[in-house]
Amino acid sequence: MNGEQREVALYDSADGLPLLERVNRLCLSLPAASERTSHGAPTFFIRDKHSFAQLHVNHHGDARTALWCAAPAGIQQVLVESNPEQYFVPAYVGRLGWIGVRLDRPIRWREVEGVVLDAYVTRAPKALQQQVLEQYAKPH
Numbered sequence: 002m003n004g005e006q007r008e009v010a011l012y013d014s015a016d017g018l019p020l021l022e023r024v025n026r027l028c029l030s031l032p033a034a035s036e037r038t039s040h041g042a043p044t045f046f047i048r049d050k051h052s053f054a055q056l057h058v059n060h061h062g063d064a065r066t067a068l069w070c071a072a073p074a075g076i077q078q079v080l081v082e083s084n085p086e087q088y089f090v091p092a093y094v095g096r097l098g099w100i101g102v103r104l105d106r107p108i109r110w111r112e113v114e115g116v117v118l119d120a121y122v123t124r125a126p127k128a129l130q131q132q133v134l135e136q137y138a139k140p141h
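The opening residue of the sequence shown carries number 2 in this note's numbering; numbering runs sequentially from there.
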């Protein structure tokens, strides 16, 4: 991926928001969520301890812009098998059940929101899990 392609991948999103901003808004809307660079990538944490998502651009030359997310047991296999063009097993954390979501292709942001919410609930302490589940159970 050349510099121009990388820039497009970082800045194009369905609603015109820069990709990092869109991912930030999504992840940081969750209780006690924070963001800092970890292993060279913007990484989202719960109470500054447990990571639940990472944004990667061209990780070790893989030519992908993707969000790596924690996932409930068994979901990784289901998503990868159902849509291998959109989902993949990421390096390093894939063995822990995390899922990679490609953001450099046409995507349904509602689906990404669901993956991020699952990631958060998978890694959050019980009190925060309950808070988020109650919040999202309410009609919007």
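Cβ coordinates follow ideal geometry from the N, Cα and C atoms, glycine included.
Would you tell me roughly how many angstroms separate the C-alpha atoms of residue i and residue j, rounded to the nearest one?
| i | j | result |
| --- | --- | --- |
| Arg96 | Gln136 | 30 Å |
| Ala125 | Pro43 | 19 Å |
| Gln77 | Trp99 | 6 Å |
| Ala138 | Leu68 | 24 Å |
| Gly115 | Val79 | 14 Å |
| Glu5 | Asn59 | Note that Glu5 has pLDDT 39, beneath the 50 cutoff, so the model's placement of it is unreliable and no number is given. |
Sort the options by Cα distance to residue i and report the nearest one.
| i | options | result |
| --- | --- | --- |
| Ser30 | Glu82, Val117, Pro91 and Lys127 | Val117 |
| Tyr93 | Arg109, Ile76 and His61 | His61 |
| Ala120 | Ala34, Ile108, Glu22 and Gln87 | Ala34 |
| Ala128 | Pro32, Val102 and Ala67 | Pro32 |
Starting from residue i, follow its DSSP beta bridges and name the residues at the other end.
| i | result |
| --- | --- |
| Ala67 | His57 and Arg103 |
| Ser83 | According to DSSP, Ser83 bridges with nothing at all. |
Contact check, residue i vs residue j under 8 Å by CB: the rounded distance?
| i | j | result |
| --- | --- | --- |
| Arg106 | Glu86 | 7 Å |
Start and end of the alpha helix (DSSP H) containing residue i?
| i | result |
| --- | --- |
| Ala74 | Note, Ala74: premise wrong, no alpha helix (DSSP H); not H, not E. |
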